[in-house]
Each structure stands twice: as C-alpha cells, then as structure tokens.
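First the structure, in the form of structure tokens, and then the observations on it.
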Amino acid sequence: MGSIVKLEIGSTVKGWKIDGKLGQGAFGAVYVCSKDNKKYALKVESVHEKVGFLKMELTVLSKLKEQDRLRHFCTIEDKGKQEDFYYIVMTMVGKSLQDLRLETEKKKFSFGTAISVGIKCLEALEDLHNIGYLHRDVKPGNFAIGRPEVNELRNVYVLDFGMARSYIHDDGTMRNPRALTGFRGTLKYAPLSAHILRELCRKDDVESWLYMVVEFTVGKLPWRNMTEMNDIGISKKQCRKDKGLRKLFGGCPRKYIEILQICDKTKFFDTPDYEKIYSLMHSAIQDTKSQEYPYDWEKINAKEEMKEEGTGILSQYKSSVVGVPIKKNQNTEEIIQALNRRISEYRKYLSRHSHSTYLGKKALSSLEILIQELAEIQQMNKTKIPPPPSISIEIISNGTTHLKPCVVIHTNYKDYLFNCPEGTSRFLAANRLKAINLTDIFFTRDTWEHFAGVSGLLKTPIASSSSKLERIIRLHGSHNKTKYFELQNDHSDADFPSTVATKLDIAFLVELKPPQRPLDIQKIKKLKIPSGPHMKQLKDGEDITLSDGRFIKAEEVLSDIKAKPLYACLIVECNDLRKLPSLQNNTLLRDYYSQNKSLRYVVHFTENSILNSVEYKSWMASFGESVEHIIVNGSGPCLPHMEAVYRINVIFNYICPKLFPLLHPIGFNGTIQQDDDCEKIGNYLYVRPFQRYFLRRPVNLDPSPPNVSLTLTDLLLQLKEDTATSEAIDLFMRTSDLLESTDSWPRICFLGTSSAVPTNFRNVSAYFLQFNENSCILIDCGEGTYGQLRTLFGDEVSEDLLLKLNAVFITHGHQDHYHGIFTIVHCRKEVFLKRGIAYKPLIVAAGSHVLKVFRDVDRSFASYTKDMHIVDISKILWTLSQEKGSLVEAADLTNEMPSEIAGIEDLGFKSVVAVKVNHARTAVGYVFTDLKNRKFVFSGDTMPCERLVNHGKDALILIHESTFADDEEAHALYKKHSTMKQAFDIATRMGAKNLVLTHFSAKYPKVPPLPDYIEKAGNVTIAMDNMIVTPSDLKLSAKLIPVLRTVFAKEIIEIKQRSLKRHIQEDILARRFVDTLGDTIEKKRTPENLAFSDSVSSKIS
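Numbers in our numbering are just positions in the sequence shown, counted from 1, shifted up by 374.
Here is the structure:
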C-alpha cells in the first residue's frame, strides 16, 4: 500500500485551489477544491498504490458519461498526475444518506422518503449494471444527496467505485463466476453470496440495496449488533424464514418481502427484474398513503432556516431554492439591514476562530452566500422595472388544428404561458414571442395534454449564450410533477405543492399593478427642478435630493390624472361540475362578483359539455354583462395556426398535388390578423389563433402584428413571376404527366423531417407507413406528431387512421423521436371509446432508454404503458447475445408481434428486423420486408453503418438521415450523424433502388444543400413534411430537385455563403501554422477540442 497523499490547505493542483479536507480512507484522501468560485471534490491517490482504486473510479465514471447515464453519478471535471500522485476532480455532493438518517429524531426516514430515495438508489444501480459494472459495496454511506446551494436536495448520487468490477467481456458476454473469491463489501449490508465467498452478480447489489432500504424505513437491521462475518451471514439466512421475515421486515411495507423473493429467485446470469421492483416500490407508497416529497431533510432544513433571520429573509428572493416561508410586509431596506447584521456576525466569529475547523468552514461558506445575496438584492433595488405599459392576452392556439389550447399573457418585459401542450415551442415563434422572455408557465390541469410541451420548450434555442446560462422558468400547477420535471434541467419547479393527494383543476386570477404615472411638466417647472438623471428616479416613484439641498418627493411632481380601471383576468378550467362551488364561493372573487373590482376577461379552457351546462353559464353570468368570456376549448373556428407551414404546402400542392395534398382546414384563402373580430355570441368570444385582447392598451400598436396570409393568387403569382422558377415547374409538370403511378400501397407519409428541434417548416421525426388499407404503423413519433396527422388528413380521417394504427417502432431514446407517443396513445384510446369498439393495445417496439422515460411519465401523469404492448428491443438483443455467446447486431422482431393484437399479415409486412446502428445507446434502424419480399429500410439516427448495409441489401426504399451538409463531415462524426454524401454512399453499397434523405438540421429549415450528384442519380428524393409517396411515386419525387433549386434559390445561396464563411474561418485558423525549412512550426497551439461554428466575425472579408 502506498502512502496517503497529504495536500496543504491553500495549495493548488493544476489550477484547482485546495480549500479543505473532506475525508480519508485506507488508500487515498478527498479534498474540497475550487475554481471560478465553484466548489468541487478532488480525490487523490499515490502513484505507488498497487490496487489503483482511483483508476477504477475514473473508468466507471468515464463509461457512464460516454453512455449519458449521469443522472445519479458525479461528473469528472478534470483528471491527471502531479508529482507522486494521481487526482480526479468531480462534482461535489452533499450529505450521505447515512448521515441524513442519523440526523432524524428516530434515526429513520418517513415511509415516503425511504421508498422514494430507495427508488433513486436502485435507478443508480441499474444504470451502473447497464454499462457492465457491479458496485459490490452498496451501503448508505456510498449514496449522497446533492448540495442545497445548487438546489439538488432531491437528487441522489452513488459514490465510491473502488470495489466495482466489470461482469461482462468486451464483446458483451457475461464473465463466468470464479470458483472462490474473497469477501467484498461491508458486513452489515453484504449479500449472502459474499458471506460464502461466491462471485457476486447484479442481484447481489440489489440484495444489499434492499437491506439499506429496510434500514431507511425502520432504522435498524436484525444483525446490527453482531460483529462476526459468520454470525451475520447466518442471521441473514434465517431472515428468509417466517420468523426471520417478521424480524427483518417488521414495520416495513409488505412489498419489501416480495422484492426479497425476487432477489432470491434471480440466478447468476439473470437480469434483475428492475421494472417489477419499481412497481412494487410505487405500490408501497400507495399502500402506506405516503407522499414522496418533501424529503425529511428538506423539512429539517426549512425549520432550521426559519430560526435564522438572515437566511429566512433570503427566501423572498430564492424561494425555489431555499423553500421556506418568508416574513410578510418586509421592505427591501429591512432585508438589506438584516443581511448586513448577519454578515457582521459571521465576520466577528471568523475573526476569533480558525477558518480550518468544521464550524469555521461552515461560517465562511455562509458568509460567502450572504455577501452574494446582498449584492444581488442591492442590484435588484437599483434597477427597478416599472409596471409594463402594455399587457395583452394572446391566443397561441384555440385547439382546432396542430395544437391543443394555450394562451399567453404578454407584457413589454415578460411572457406568462397558460398550459403548454405538445408543440408549443414551435408555435411561440409564429406569434413572435421569444422563449427568453418566458418566465412562468401555469397549468390549469395536471394531465399530459397540458404539460407535454414543456420539455421541447426548454430545448428551444435562445438568442444569447449568456442568457441561456441564466434561464429559469418557474412552473405552477395543481399536482406534484417533480418526478417528471427532475429529468429537465432548465427550470425551477417552484409551485407544485407536495401535499396534494387528489387531482385538481386550478384557476388563476391575474391582477395588474397600477400603471406608471407620467411626470407633470407644469409641476416640474413650478418647482424649478433642473433636467438630469434624477428625472427617471422621480418617474419611478423615488424621492430625491437635489444638488442645492432641496428634498423632492416623487408625489409632488407626478401627474394627477386619474388612473384607468385596473382590469383583472381570470383563467379557468373546470372538468367536473362538482368542482364549480369552489369557484362560486371563492373569497378572492367576491369583489368581482359585486363589481367592487373590475374583471375584464375570463378565459375558459373548460370543455363544452361543462361550459354549456346551466350551472356553469349561471356562474359566468354572475360577473355581469361587461365581462367578456374568451373560449379556448377547441370549439372555435378551425383556421390555420402557422403561416409558414401552409404557405409552403400551397406552393408544393400547386407543383405536385399527388405528392402534396392540401392541409386541413382545406380551402382557406385569406388573412388572419391579430386584431380581427372573432365569432361572438353575446359576451362569449370564440377566438381565432393570433388574436389578442388588451388588459392594458399601449399608446402605439405594432404596425405589422403577426398574421397568417394565405391569399392563393398572390402566392402563385410569385412563383410565375420568376422565369427560371416558372420554367422548372412547367418542365416538371410535363414530365410528371408521363409518369404513371402503378401502386397505391404501401404509402409513406412524412410527418416530421427535422433533426432535434422543429422549425417553421419541418416538425421532428415521424413517418407514417401503411402497407395496406387496413393497417398502419409509425416509425418514430416526435413531439407534435398527432397535430401533424390532424392537419394532413383532417379530424375524421385521423380518427380512422388511429383505429388502424397497430404499432409504433421507435429508433432510439432522443426526445425528438418518441415524445409524441403519449398523445397518440391517449387520442387513439379515446377514438376506440367514442366509437364503442373494444380497445386493442398499441404495439410499441423500443429500447431500454425509451422505456425508462415511459416509466417516468407513467408515475407522473397516467399509466400509458397499460395501453401498450411493449417489445423491449434491448432485452431481446441481450438475450440473443447470451444464447449465442457473442454480441448480436440485429434482432428479428417478427415473432414478437402478438397475433391477438395484429398478426404480421394484418400489419401488412412479412418480417421486421431491428439493426443496431452507430448513434446513441440502444439506437436501432428497422428493415421491413413486405408480402412481396420488398425491403423498406429506416436508418433512424446514425453514422454510416455497415450492419444496416448488410441487412438492407437490395432494398426497394432506404429512408436515411442526412443531418449535415457534405462539408460538415467532422461535425457529423462528433454528433454521430451522417452527411448527405455518406447517406448516398450507404444507399449505393446497399444497392437500394430508391433513397429518401431526411432528418435535416434546423439550419436548413426549408431545404438542405442540393448537390449535383443526387440529381444525376435520378433515384434520390428530398423528404418534405406532409409529403405522401408510394414506391412508384419516387420516380416523380426525385425529379423535384431542380424545382426545389429554383423555388428556394435564395435559401440555397445563404447555405453556400455560410459554408464559405466556415471555410474562411478554417483557413484563418490554419494560418497559425507555418512551414519553415520543411518543418511545421506551431505558432500558437490550437486546442484539441477546437470546434468550428457557422458564424464568423464581420471583420472577415
């Protein structure tokens, strides 16, 4: 064993300042270090250490990062060697679960905390097992929560991989157990196998985890006072019997016994049934009638913070982080004074005590936080934002086409979104609303329909990188969705009460602050106040002292003009008349019923069956006739919601109506303006998309507000005005007349062809495939897929297609490929009920990463997986690998299609094979073979993949991703995608008769680059949203390329200009290296991870 590495406090290790020591073990030490005012943990180990625990830790964490499994693991910030020791710098965590349990009054957690934390610990172990490693030392001391200052009190980290071991070979097959091994683990929590010196496997980690969860729940284990290994082993074995079970699990939920039985039945090579265990744990929460949140240590923190004046005051500004109530009626000056007092106390303490002690470090850390908070509050106090001069209710969607209903309250400074249905991110831009200005989202109900767009919205690119780092969106709703939102990282789950046990509908009353009063010029002249910066202070309501010593109150110079009425707005959704009395009797609304306060609008998300009832109408009438009721429940006029989508469709329909049918609502020809009159019945307003209603009208209106302009004659005239465009279209039309369509099936509908995020013209991935008239399948199902289906086929036909939809094949676990499936499942089930047809589960083929997300959504919203028949591709591939004894690259899913739902012939194809491709973990492509032995290949997201070539040989159609242009091959390699040329080469090697290029980067919103070779090939089609093709149509669609070049000539020129700028930037960087005497001399070292962006400095000529 090497000597323990000792580092001096204040010293540095490769730029990391050592601030203190956290702990020390037999083989190394852990220190607190810092850089750029951020805290990290630094682990060190002597180079003479033979065992090399640090190397194992580095290996495990690196592999976890490679496979994007870091939700419960520390991130490595740096690693290296200095003098005679190795070091790694990683995420600094908070207290261990062992310490937190011992800090509780009864040395145990509440049921809700114990079970919920247990689930997170098991998730961490499952992630570790999935990369091929065992922990082998599962205990509470090796699990910790995050730090409170980074708002991670609900995250659990697994630590210390010194005893970890890989249980698989490099080819993915499992290692055979050794005949005899040494003891591994900690006696108290070690599995039975460790006591008899057997090789450990995955189920042994789960067994240790169960002992730990039992201790969380009841605070003790039966063998807690034993010290001998044999005695503890015997006690654990006895706990499998009746009396022993009662001794071990007394006071625990009964589901724990079932989990132990699952562990004991699992063999060495078996994968533990994680899903069953998760299900039992969630059942235990329900059986004990417990709430997961807040965790016990959050309650303790809240009580402690309330005792400390300074920290309690801070919660006014950091309520989403601190989570404690604030003192009422405290002005900013009082807060600043209180902070200064606390800062002074800490400084006095530190002047008398050592900074290196535990209490000294804690005081120093608290002092830093208080100083930072004081600076922030003083800055906020300096930059007061006046009340906005303009406030309006803006209709994002009335719920009739792409998007379910949602509205925004728009001000000059911020936007407040009410409900966030699937596809919201795409439609905000159409209303000229910026994601960076969106600060709060309010949910009137806690269904997936209301929440589905949040994830996509948080991934929306925003203008500046600095803004992106500071972006926080507060979420306000009725039910605790923390489990779901913990998967996101750009929001603050600020307003979801954890005590709500039943589902609620929430109404939001929006009251306005008084508008800013203007300065009275006559009063200023009378007081002889000189002009200067102090005028703004007076206008903002601040009193000032002039240079001549006079004290001027703001009230003395502000206008006496009587302020206009302060209108309010009520936003409500009621899905059950039994909930109506809570609105009728609400004390907040009494002044509005009696007209003591002015209510201008009531926005109703309430569905028609409730809205049109006598009771609800009576309640609406109680506000008086002057109040107008805005109805946004999907019953308004069906009109286009997004100009770009419909404009491009009209153009394509004119060029080739066979491939591009008109979108629904069909026949709209005109303009939708923001301030148009809507359909009105009495004081009921059945609103249109884009419309706005002012709560406070500005002096000057926007001269060109958002609108939808679809005057068909104007659009077609623009095409005909350009000679080159007109000639290309005429040539295409003459050619298309000579090409006959020889088949009606199969039919491929392109519902989404954009990569990662939607654009104005393209939605994210979804392909609707019909092999025959009676059966449909989806390949990928990105967010907004159902809306795309509605606009392409109309509501009635969409319902028919949902009945015929039998299966969804998901290629991999990136959100843009699966996030729309929950809406599809929900709407499909509704159609079955509506038409009185017995429900058939939807077959869903997906990998393990996707199925984890399904589980998270199930926990938070509804059990969507109950309405699916899951085909776990990852499990199938694993099983085949074990049976074969080597890694399997593809799985035939044909026999996995249940005949009671839809047999293979009913689906319309003879076989389907999932092929592993080169992208994210568990990513696959699909090869479908129809009844005529023709192959249809969907690549999904992938780099060039020879496995796909081999399985797709001689395909009739290859639909291949081509995210990047040909000059971005390095970028494609980094992102694990393909360029257009790479996709073309794959099709050539495969011998595919037709190639369809799709999944284009958002930097090509209309068309990608159109290189000459794809036109010369004559069999390449550029996929467009809302395009429908059969195999014989692909001859026609391939001839569209010259037309696309002329119609989108401007866009193609812009693409070439960006490419040229990128090459110029590369040349400039390359000039840093010059040749001298035949040797290359590096003028300035270029970082190894240098990345090139699309933009270059304007100084480059």
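Even glycine gets a Cβ: it sits at the ideal position worked out from N, Cα and C.
- By the Cβ neighbour-count rule, residue 1329 is buried, with 16 or more other Cβ atoms within 10 Å of its own.
- Secondary structure of residue 409 (DSSP, three-state): strand.
- DSSP places residue 1217 inside the beta strand (DSSP E), whose first and last residues are 1216-1220.
- A Cβ-Cβ distance of about 43 Å is found for the pair residue 1058 and residue 1122, leaving them out of contact under the 8 Å criterion.
- Taking a contact to require three or more Cβ pairs closer than 8 Å, the segment 986-998 and the segment 1028-1048 do not qualify as touching.
- Taking the Cβ atoms as the reference, residue 1007 lies roughly 6 Å from residue 779, within the contact range of under 8 Å.
- When the alpha-carbon of residue 1410 is set against those of 1108, 576 and 1157, the nearest one is in 1108.
- Annotated three-state conformation of residue 813 is strand, per DSSP.
- Secondary structure of residue 1323 (DSSP, three-state): helix.
- Taking one beta carbon from each stretch, the segment 1193-1211 and the segment 1330-1344 have fewer than 3 pairs nearer than 8 Å; the two do not touch.
- Spanning the alpha carbons of residue 1362 and residue 1355 requires a straight line of approximately 10 Å.
- Here the alpha carbons of residue 643 and residue 1222 stand approximately 18 Å from one another.
- Here residue 421 is exposed. Its C-beta has fewer than 16 other C-beta atoms within 10 Å.
- With contacts defined as CB atoms closer than 8 Å, residue 1310 and residue 1278 fail to qualify as a contacting pair.
- With respect to the C-alpha of residue 1079, the residue from 1000, 593 and 1066 having the closest C-alpha is 1066.
- Shown here, residue 826 sits in coil according to DSSP, grouped into three states, outside any helix or strand.
- Within the same chain, Cβ atoms closer than 7 Å to the Cβ of residue 1199 are found at 1216, 1238, 1241 and 1242, the five residues on either side in sequence being excluded.
- Here residue 396 has 404, 405, 406 and 415 as same chain residues with Cβ atoms under 7 Å from its own Cβ, once five neighbours each way along the sequence are excluded.
- Distances from the alpha-carbon of residue 770 to those of 748, 751, 787 and 793 put 793 closest.
- For residue 585, the enclosing alpha helix (DSSP H) starts and ends at 576-592.
- If you draw a 10 Å sphere on the C-beta of residue 1344, you find fewer than 16 other C-beta atoms in it, and that means exposed.
- A straight-line Cα-Cα distance of about 31 Å links residue 799 and residue 522.
- Beta-bridge partners of residue 614 (DSSP): none assigned.
- For the segment 1306-1366, the continuous beta strand (DSSP E) assignments of 3+ residues that do not extend past its boundaries occur at 1309-1312 and 1331-1335, in sequence order.
- In the structure shown, residue 1271 adopts coil according to DSSP, grouped into three states.
- Secondary structure remark: continuous beta strand (DSSP E) runs of at least 3 residues inside the segment 453-489, in chain order: 459-465.
- Residue 1162: member of the alpha helix (DSSP H) spanning 1159-1167, first to last residue.
- Only residues of its own chain outside the window of five on either side were considered, and among them 1317 have a CB closer than 8 Å to the CB of residue 1347, listed in chain order.
- The segment 1224-1297 contains, as complete alpha helix (DSSP H) runs of 4+ residues, the segments 1247-1258, 1273-1276 and 1278-1281 (chain order).
- Take the alpha-carbon of residue 777 and the one of residue 742: they are about 47 Å apart.
- Contact between residue 1062 and residue 1013 holds, with the beta-carbon distance rounding to 6 Å and staying under 8 Å.
- Around the beta carbon of residue 490, 16 or more other beta carbons lie within 10 angstroms, which makes this residue buried.
- The three-state reading of DSSP puts residue 1143 in strand, counting E and B together.
- Counting along the chain, the unbroken alpha helix (DSSP H) around residue 993 starts and ends at 988-995.
- Using a C-beta cut-off of 8 Å, the segment 1258-1265 makes contact with the segment 1282-1301, since at least three inter-stretch Cβ pairs fall below that distance.
- A direct Cα-Cα distance of roughly 14 Å separates residue 473 from residue 672.
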